[in-house]
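See below for the structure under consideration.
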Ligand SMILES: C[S@@+](CC[C@H](N)C(=O)[O-])C[C@H]1O[C@@H](n2cnc3c(N)ncnc32)[C@H](O)[C@@H]1O
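In the working numbering, the protein residues as written are 33 to 307.
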C-alpha cells in the first residue's frame, strides 16, 4: 500500500476497528509499551512528537512523564477517540497529517512511536522528515515488530487460516506494513540514510497475554490483524471452520495467566547528533 492507500485504510473500517479494540490492544501491548516508554525517558518540559499515535495511549503516557506532546496520525477516527480520551490533559495536542510529509518546526527533543512508523511508502523520506523535526541532539525512540515468524501471537492465527484462502506469492518483506522493519540491517540502513547517528536496535522478546481466556483471545484475533479477514471475506460454514481452526491453534497457549504467546520487537534508539 502507498501512503494514499494507507490513509484510506486507516480512515476506513480499520480505524473504527482499532478504536473499538483500543482497550484490549493496550492491555496486550502494555509490557512492550513500558520498555519503550522507559527508553524514551521523557523529561518535564521536553517537546515530544508521537508518530502514528493512533488512539493516543502513548501520547498520554509521554505527557505523564512531563513532556509537551504532539500526536500525529493519518487516521481521523482514531484521533477523534484520542481527543475524547484527553479529559482535561493540557500537555497533549493532536495533528491529523501524514507524518512523512507534514512540515514540523525543528523544536522536538524526542520523536517517539509505538508501532506507528512501519507504514511509509518512502521510509528514508519519512525518517528524514522526522529528523528535520528534531532539535540538535534530539533523540528518536520507537518500537517496531520483528518478522511475522518471530511473532507467534500474530503468526499462529494467520497460519491456521491459510488453507481457507487462495495462495498468493509471498509479499515483499519490506513493503509498508507491520513487519516492514523486521530486517535489522535494512532498518539500520534506512536510519543511516535518513541522517541519524548513534543508532541502536535492541531485540525485545516478551510473552504477551492476548486474552484473559480463549474467548477473549478469539474476539481480539477475529477483530484485528490477519485473522480478521475470516470475518470480512468468508461466510457460513467455511467461516465457522476457519474460526474453529484458529481456536484449535490458540488452545495450546492457554495458561493459568490467560492465553500467552510470544512476541519479538526491536527497541530502536538514535539521535540527531550535533548537540
Ligand atoms: C499499528 S497502528 C499503532 C497506533 C498506536 N501508535 C498504538 O500503538 O496503538 C499504526 C498507526 O500509524 C498511523 N499511520 C500510518 N501511516 C501514517 C502516516 N504516514 N502518518 C501518520 N500516521 C500514520 C495509523 O493511522 C495508525 O494509527
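Just so it is clear, CB atoms sit at the ideal spot from N, CA and C, and this is done for glycine as well.
Classify residue 163: buried if its beta carbon has 16 or more other beta carbons within 10 angstroms, exposed otherwise.
In the chain shown, the residue the question calls residue 163 occupies position 131. So residue 163 counts as buried.
My assumption, with CB atoms under 8 Å, is that residue 74 sits in contact with residue 142. Please give the rounded CB distance.
As a working note, residue 74 is residue 42 in the chain shown. As a working note, residue 142 is residue 110 in the chain shown. The beta carbons of residue 74 and residue 142 sit about 6 Å from each other, so the pair counts as a contact at 8 Å.
Start and end of the alpha helix (DSSP H) containing residue 156?
The residue given as residue 156 occupies position 124 in the chain shown. That run of the alpha helix (DSSP H) goes 155-165.
Would you kindly report the start and end of the unbroken alpha helix (DSSP H) that includes residue 269?
One-based indexing of the chain shown puts residue 269 at position 237. Judged by DSSP secondary structure, residue 269 falls within the alpha helix (DSSP H) whose first and last residues are 268-282.
Going by Cα to Cα distance, which pick from 108, 39, 49 is closest to residue 257?
In the chain shown, residue 257 corresponds to position 225, counting from 1. Relative to the Cα of residue 257, the nearest Cα in the group 108, 39, 49 belongs to 49.
Is the closest heavy atom of ligand 1 to the C-beta of residue 153 under 6 Å?
Counted from its first residue, the chain shown places residue 153 at position 121. At a cut-off of 6 Å, the beta-carbon of residue 153 does not count as near ligand 1: no heavy atom of the ligand is closer than that.
Residue 201 burial status per 10 Å Cβ neighbour count (16 or more: buried):
Taking the chain shown and counting its residues from 1, the one referred to as residue 201 is at position 169. By the 10 Å Cβ count, residue 201 comes out exposed.
Rounded to whole angstroms, what is the Cα-Cα separation between residue 168 and residue 228?
For this step, residue 168 is matched to residue 136 along the chain shown. For this step, residue 228 is matched to residue 196 along the chain shown. Looking at the two C-alpha atoms, the distance is approximately 11 Å.
By Cβ distance, which residues of its chain are closer than 6 Å to residue 97, with the 5 residues on each side in sequence left out?
Taking the chain shown and counting its residues from 1, one reaches residue 97 at position 65. Once the five neighbours on either side are set aside, the close Cβ partners of residue 97 are 74.
By the 10 Å Cβ neighbour count, where 16 or more other Cβ atoms means buried, how is residue 232 classified, buried or exposed?
As a working mapping, residue 232 is identified with position 200 in the chain shown. Exposure of residue 232 is indicated by the presence of fewer than 16 other C-beta atoms within 10 angstroms of its C-beta.
For residue 236 and residue 60, believed in contact at Cβ under 8 Å, the rounded distance:
Here residue 60 corresponds to residue number 28 of the chain shown, with the count starting at 1. Here residue 236 corresponds to residue number 204 of the chain shown, with the count starting at 1. Contact flag wrong, Cβ pair sits at about 14 Å.
Distance, Cα to Cα, residue 234 vs residue 176?
Mapped onto the chain shown, residue 234 falls at position 202. Mapped onto the chain shown, residue 176 falls at position 144. Linking residue 234 to residue 176 through their CA atoms gives a straight-line distance of about 11 Å.
Contact under 7 Å by Cβ, residue 101 with residue 111:
As a first step, residue 101 is located in the chain shown; it is residue number 69 there, counting from the start. As a first step, residue 111 is located in the chain shown; it is residue number 79 there, counting from the start. The answer is no: Cβ separation not under 7 Å.
With a threshold of 16 other CB atoms inside 10 Å of the CB of residue 192, please say whether the residue is buried or exposed.
Translated into the one-based positions of the chain shown, residue 192 becomes position 160. The Cβ neighbour count for residue 192, taken over all protein chains shown within 10 Å, is at least 16; the residue is labelled buried.
Which whole-angstrom value is the C-beta distance of residue 38 and residue 208, which I expect to be below 8 Å?
Here residue 38 is taken as the residue at index 6 of the chain shown, counted from 1. Here residue 208 is taken as the residue at index 176 of the chain shown, counted from 1. Rounded, the Cβ-Cβ distance is 7 Å, consistent with contact.
Span of the alpha helix (DSSP H), counted from its first residue to its last, around residue 205
Sequence index remark: in the chain shown, residue 205 carries index 173 (1-based). That residue, residue 205, is in no alpha helix (DSSP H); it is neither H nor E in DSSP.
Please name the residue, chosen from 178, 219, 276, 238, that lies closest to residue 302 on a Cα-to-Cα basis.
By one-based count along the chain shown, residue 302 stands at place 270. Residue 219 holds the alpha-carbon nearest to the alpha-carbon of residue 302 among 178, 219, 276, 238.
Taking only runs that begin and end inside the region 106-160, name each unbroken alpha helix (DSSP H) of 4 or more residues, in chain order.
Whole alpha helix (DSSP H) segments, 4+ residues: 108-116.
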